[in-house]
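In this note's numbering, the protein residues as written are 169 to 361.
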């Protein structure tokens, strides 16, 4: 589908954000290789691509990323949620460990692949106190910059998050929820784009 889009006469090369809503390096990627196939198409057509991931599986595609980087066609953002491994397991089970993510940043940078860190989500009362530490950790490993996103609990996500928080952290739930409300003008959600 990607190649078909690139072959259209109306297509004008433009950067494509890969993984805007979900990680393209899901566990199933080990079997299906869809992300790798897409990176091959980006390289074939010399179309710029940006990748966001929280998975060290991206290193499997280091050869393609190096090719893309050689012509300034790629940027990678590694999502870092916390430096606390226990909290990472709690917030993001079945994802790469903190150590794996930091090593991924280091390896990408060492291979001249422009790498940034996305500190997200920042959850007041859980990990906001780690922002500077996370920034230093990724900078020390070669990240060119950072971005962050404050947790947004729009739509059905708010009630699901609140239920999860009350069940898993009953002692901290009210504090966390109140801090999130403070950050969003009294609401758990934030409708700003």
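Built from N, CA and C at the ideal position, the CB exists for glycine as well.
Would you check if the distance between the CB atom of residue 344 and the CB atom of residue 294 is smaller than 8 Å? yes
Going by DSSP in three states, residue 327 sits in which element: helix, strand or coil? helix
Test item: CB-CB of residue 276 and residue 306 under 8 Å: no
Of all the options 198, 176, 170, 195, which has the alpha carbon lying nearest to the alpha carbon of residue 185? 170
C-beta contact flag for residue 364 and residue 316 at 8 Å: The structure shown does not extend to residue 364, since the chain is modelled only from 169 to 361, so the question has no answer here.
C-alpha gap between residue 257 and residue 266, whole angstroms: 9 Å
Going along the chain, which residues of its own chain have a beta-carbon closer than 8 Å to the beta-carbon of residue 299, five neighbours each way excluded? 287, 290, 316
Would you kindly work out how many angstroms separate the C-alpha atoms of residue 177 and residue 213, rounded to a whole number? 13 Å
Nearest to residue 197 by CA position, among 226, 183, 189, 334, is which residue? 226
Excluding five sequence neighbours on each side, which residues of the same chain lie with their C-beta closer than 6 Å to the C-beta of residue 303? 314
Within the continuous beta strand (DSSP E) that includes residue 246, where are the two ends? 242-248
Apart from the five residues just before and just after residue 235, which ones in its own chain have a Cβ nearer than 6 Å to its Cβ? 211
Out of 283, 264, 247, 252, point me to the one whose CA is closest to residue 240's CA. 283
Rounding to the nearest angstrom, what Cα-Cα distance links residue 218 and residue 191 in this structure? 12 Å
Under the three-state DSSP convention, the category residue 192 falls into: coil
Tell me whether residue 292 is buried or exposed, calling it buried when 16 or more other Cβ atoms sit within 10 Å of its Cβ. buried
Proximity of residue 269 and residue 224 at Cβ, strictly below 8 Å: yes
Can you tell me the Cα-Cα spacing of residue 175 and residue 251, whole angstroms? 43 Å
Nearest neighbour of residue 259, chosen from 337, 207, 323 [CA to CA]: 337
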